[in-house]
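In my numbering, the protein residues as written are 7 to 40.
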């Protein structure tokens, strides 16, 4: 059995600000597919 690593791009926050990062993390962490 071989072990592999899958890298994907799930996007980035809209801006480098705290509110944008909070929105991004809320959406990212609540996604059932992640």
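The C-beta atom is built at its ideal place from N, Cα and C for all residues, glycine as well. Just so you know, these numbers come straight off a predicted model, no measurement behind them.
Residue 27 sits in a helix when the DSSP states are folded into three classes.
The beta carbon of residue 26 sits closer than 6 Å to those of 19 and 20, all from its chain and outside the five residues before and after it, given in chain order. With contacts defined as CB atoms closer than 9 Å, residue 34 and residue 16 qualify as a contacting pair.
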